[in-house]
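Residue numbers (our numbering): 8 to 232. The beta-carbon is built from N, C-alpha and C at its ideal position, and this holds for glycine as well. Structure record follows, encoded as structure tokens.
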């Protein structure tokens, strides 16, 4: 693949992380993987020595023509979104940001997607490949940088939502998409039952709906194209 736009990488500390994991494996010491730690509220509490991957950050490669970006797990979501926006592109699964420290690794590890998910797909659907540190401290690569690159189990996509139980995410390659040229949001006052009926009705029509939510008596719908 020809890299048409390579953004400066911050720091690759994968080898240092591997050494920490190997040491913990040898000493039978449990680890707690953290970076921005903005998703600590999700899942069960984990005890162990902190393995901080926040410094393992930066965009490794970005090809806007091929719609592929490879990024280190500690990269902040805000920085990645800004880099993609420069080329009018985006992460289609809209990972939620819970603070300035939110990272792309945390978004994938928790499998969190935004309001676009029912129409575009979940985080795992846009993961093309990963570099993962195993429990023994080995750095392995799964998948690649194209949509159809594996036969059988797609281990890279299994990392989405695994919360670090299958390994420590080091790098992730994503399929990205163009940002819609137009976006319009509607706010309709109605009950929850009426909102569900309305969404069912609209779902049968050829409308470019990309998000919907009901809150406190109001239905919000986003249309893009």
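I need the straight-line Cα distance from residue i to residue j, nearest angstrom please.
i: residue 33; j: residue 61; result: 24 Å
i: residue 100; j: residue 124; result: 6 Å
i: residue 194; j: residue 227; result: 5 Å
i: residue 104; j: residue 87; result: 12 Å
i: residue 55; j: residue 112; result: 19 Å
i: residue 98; j: residue 149; result: 20 Å
i: residue 210; j: residue 90; result: 33 Å
i: residue 189; j: residue 218; result: 14 Å
i: residue 221; j: residue 196; result: 9 Å
i: residue 203; j: residue 212; result: 15 Å
i: residue 48; j: residue 208; result: 35 Å
i: residue 185; j: residue 30; result: 43 Å
i: residue 25; j: residue 122; result: 35 Å
i: residue 131; j: residue 76; result: 15 Å
i: residue 67; j: residue 110; result: 15 Å
i: residue 50; j: residue 232; result: 35 Å
i: residue 52; j: residue 143; result: 23 Å
i: residue 18; j: residue 223; result: 45 Å
With distance defined between alpha-carbon atoms, name the residue in the options nearest to residue i.
i: residue 72; options: 95, 207, 111; result: 95
i: residue 230; options: 223, 222, 224, 206; result: 206
i: residue 43; options: 143, 128, 107, 131; result: 107
i: residue 200; options: 130, 225, 184, 135; result: 225
i: residue 37; options: 69, 174, 129; result: 174
i: residue 40; options: 76, 161, 139, 222; result: 139
i: residue 215; options: 202, 187, 204; result: 187
i: residue 58; options: 85, 133, 182, 23; result: 23
i: residue 182; options: 198, 161, 151, 176; result: 151
i: residue 20; options: 146, 142, 223; result: 146
Within 10 angstroms of its Cβ, does residue i collect 16 or more other Cβ (buried), or is it exposed?
i: residue 27; result: buried
i: residue 192; result: exposed
i: residue 180; result: buried
i: residue 9; result: For residue 9, the predicted model reports a pLDDT of 37, less than 50, meaning its position is unreliable and no value from the coordinates is stated.
i: residue 46; result: buried
i: residue 69; result: buried
i: residue 172; result: exposed
i: residue 133; result: buried
i: residue 11; result: Reliability fails at residue 11, whose pLDDT of 40 lies under 50, so the model's placement of it is uncertain and the value that follows must be treated cautiously. So residue 11 ends up on the exposed side.
i: residue 176; result: buried
i: residue 14; result: Reliability fails at residue 14, whose pLDDT of 44 lies under 50, so the model's placement of it is uncertain and no value is given.
i: residue 198; result: exposed
State the CB to CB distance for the pair residue i and residue j, rounded to an integer number of angstroms; the pair is presumed to be in contact (CB under 8 Å).
i: residue 128; j: residue 163; result: Incorrect: roughly 15 Å between the Cβ atoms, too far for contact.
i: residue 102; j: residue 84; result: 6 Å
request  = Determine contact between the region 161-169 and the region 114-122, defined as no fewer than three beta-carbon pairs at a distance below 8 Å.
outcome  = yes
ask   = Is the region 77-91 touching the region 62-69, taking contact as three or more C-beta pairs under 8 Å?
value = The region 77-91 is in contact with the region 62-69.
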